[in-house]
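One structure is given below, encoded as structure tokens.
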């Protein structure tokens with residue numbers, strides 16, 4: 001619960017900084033997600049308390065980590081083509097720009113999208129909170145059907161990889177692939193949640209969660225294995241300022257922020273699924289980049305994807321405060337540290353200040369790292385990095401969920417690999433959470 005004792009400004013600042021550093025790490029290294037750090041912090045919270053680091057500071061670290069991650073996870077997406085699940089849709093336009101030597105411009109546009117969505121989201125906080133606090137009891141009665149509509153929308157909007165001269169039935173093939181991946185991941189999730197009692201952690205700290213092996217396998221190790229199978233050669237990059245009309249930047253930020261704010265209240269919906277909604281209003285036709293307008297639409301799409309990602313993180317916290325529901329792995333961990341029923345207005349103001357501080361640091365470092373990414377990445381043995389992260393994830397899964405969790409992790413990894421091989425969005429694997437939740441409400 002929210003501590004009543006005076007908080008140390010020094011400890012708050014150190015906690016923000018710690019979360020920021022973890023967010024940079026999780027953002028830059030494919031396969032590491034904020035959920036991983038959040039769950040570890042929950043497991044270690046009792047140990048941290050012995051050293052004066054109470055649950056409020058651990059919650060600050062999680063919040064700072066979540067926001068920082070949404071800024072930096074675009075960098076491996078653009079330069080390595082190795083996205084997190086949230087940034088999967090930004091890979092094609094962003095990575096193509098990097099191959100043309102304009103990766104730094106794409107990263108700056110992403111940073112602008114994330115920073116703009118922070119400001120736009122804070123403006124939306126009061127009206128959105130008012131609407132959903134009133135409407136949520138009604139929405140909850142139809143939640144199963146709402147999720148079903150979103151699932152159908154995910155599958156129906158799946159286009160796959162565009163190939164010149166392809167037949168008329170090819171798009172339906174990709175929709176079928178999307179459905180298969182959704183169904184496989186959904187059945188795995190349903191089975192895993194039903195048998196979660198089989199978890200026997202090696203390190204018995206906190207409450208073990210089956211989400212750790214599921215998400216680490218589907219969206220972490222799977223992408224890393226694919227990265228190991230292909231060599232990434234990054235061409236020299238040129239320094240450039242973002243070349244996109246302010247009106248299009250503003251529209252991208254607005255669309256992303258609104259989409260992120262809406263789906264943050266619906267269980268099982270990730271940032272990438274929110275992007276499916278926002279992309280209905282903004283085209284991302286990068287493959288046919290023969291005109292300046294089509295290139296601009298791809299740049300605007302990058303702004304929108306980043307806006308969705310960051311906005312969803314902001315409103316995930318608000319949904320916890322207003323309706324006492326968790327909508328992400330990070331917020332699940334947050335709620336384990338601080339009882340949502342004890343949250344008040346002072347808490348909200350404090351944590352929105354933390355979000356602003358983390359966003360300010362993240363905006364600056366994202367641009368700096370983006371400008372120097374080519375020089376930095378050219379010195380890193382990416383193969384060894386991927387191997388190290390895969391082994392690290394497997395070790396975390398084994399320590400906190402035991403042999404059964406490791407088995408789930410091993411099964412989840414090839415399912416997560418199917419989406420890139422079938423050239424469909426990896427967000428379809430969110431069926432791991434969506435299907436069990438939909439069945440629960442129906």
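In UniProt numbering, the protein residues as written are 1 to 442.
Heads up, the beta-carbon is just placed ideally off N, CA and C, and yes, glycines get one too.
With contact defined as three or more Cβ pairs closer than 8 angstroms, the region 104–123 and the region 252–268 are in contact. For residue 11, the uninterrupted alpha helix (DSSP H) run begins and ends at 9–28, by DSSP.
16 is the residue among 11, 105, 16, 336 whose C-alpha sits nearest the C-alpha of residue 356.
In this structure, residue 424 and residue 158 form a Cβ contact; the two beta carbons are roughly 5 angstroms apart against a cut-off of 8 angstroms. Beyond the five residues adjoining it in sequence on each side, residue 32 comes within less than 6 angstroms, by CB distance, of 26 in the same chain, given in chain order. By the Cβ criterion, the region 382–398 is not in contact with the region 181–194, since fewer than three pairs of Cβ atoms, one from each stretch, lie closer than 8 angstroms.
In the structure shown, residue 300 falls within a helical segment according to DSSP collapsed to helix, strand and coil.
Across the structure, residue 18 and residue 67 are spaced so that their CA atoms are roughly 12 angstroms apart. Fully contained in the region 215–257 are the following alpha helix (DSSP H) runs of length 4 or more, in chain order: 222–229. Here residue 333 carries a helix assignment [DSSP, helix/strand/coil]. Counting every other CB atom within 10 Å of its CB across the protein chains shown gives residue 346 a total below 16, marking it as exposed. Counting along the chain, residue 105 sits inside the alpha helix (DSSP H) bounded by residues 103–141. Here residue 51 carries a coil assignment [DSSP, helix/strand/coil]. With fewer than 16 other Cβ atoms inside 10 Å of its own Cβ, residue 204 counts as exposed. In the pairwise beta carbon analysis, the region 115–126 is classified as not touching the region 398–411: fewer than three pairs are separated by under 8 angstroms. In the structure shown, residue 33 falls within a coil segment according to DSSP collapsed to helix, strand and coil.
In this structure the region 172–184 lies against the region 137–156, because at least three pairs of beta carbons, one per stretch, are closer than 8 angstroms. Judged by pairs of C-beta atoms under 8 angstroms, the region 34–53 touches the region 328–345, as three or more such pairs exist. By the beta-carbon neighbour count (other beta carbons within 10 angstroms, threshold 16), residue 404 is buried. In this structure, residue 133 and residue 322 form a Cβ contact; the two beta carbons are roughly 5 angstroms apart against a cut-off of 8 angstroms. Counting only the Cα atoms, residue 304 lies some 23 angstroms from residue 20. By the Cβ-count criterion, residue 50 is exposed, with fewer than 16 other Cβ atoms from all chains shown falling within 10 Å of its own Cβ. The beta carbon of residue 41 sits closer than 7 angstroms to the beta carbons of 58, 61, 62, 333 from its chain, once the five residues preceding and following it are set aside; these are given in chain order.
Assignment of residue 375 by DSSP, reduced to helix, strand and coil, places it in the helix class.
Linking residue 143 to residue 434 through their CA atoms gives a straight-line distance of about 11 angstroms. In this structure, the straight-line span from the alpha carbon of residue 432 to that of residue 180 is close to 12 angstroms. In the structure shown, the three-state DSSP call for residue 343 is coil. Residue 243 counts as exposed, since fewer than 16 other C-beta atoms from the protein chains shown sit within 10 angstroms of its C-beta.
The C-alpha of residue 141 is placed about 20 angstroms away from the C-alpha of residue 261. Taking all protein chains in view, the Cβ of residue 402 is crowded by 16 or more other Cβ atoms within 10 Å, so the residue is classified as buried. The beta carbon of residue 240 sits closer than 7 angstroms to those of 102, 104, 105, all from its chain and outside the five residues before and after it, given in chain order. DSSP, read as helix, strand or coil, puts residue 200 in coil.
Residue 265 is positioned such that its CB atom lies no closer than 8 angstroms to that of residue 382. Counted as a single uninterrupted DSSP element, the alpha helix (DSSP H) harbouring residue 403 occupies residues 382–421. Within the same chain, 210 come within 6 angstroms of residue 196 by CB-CB distance, once the 5 residues on both sides are set aside.
DSSP places residue 264 in the coil class of the three-state scheme, outside both helix and strand.
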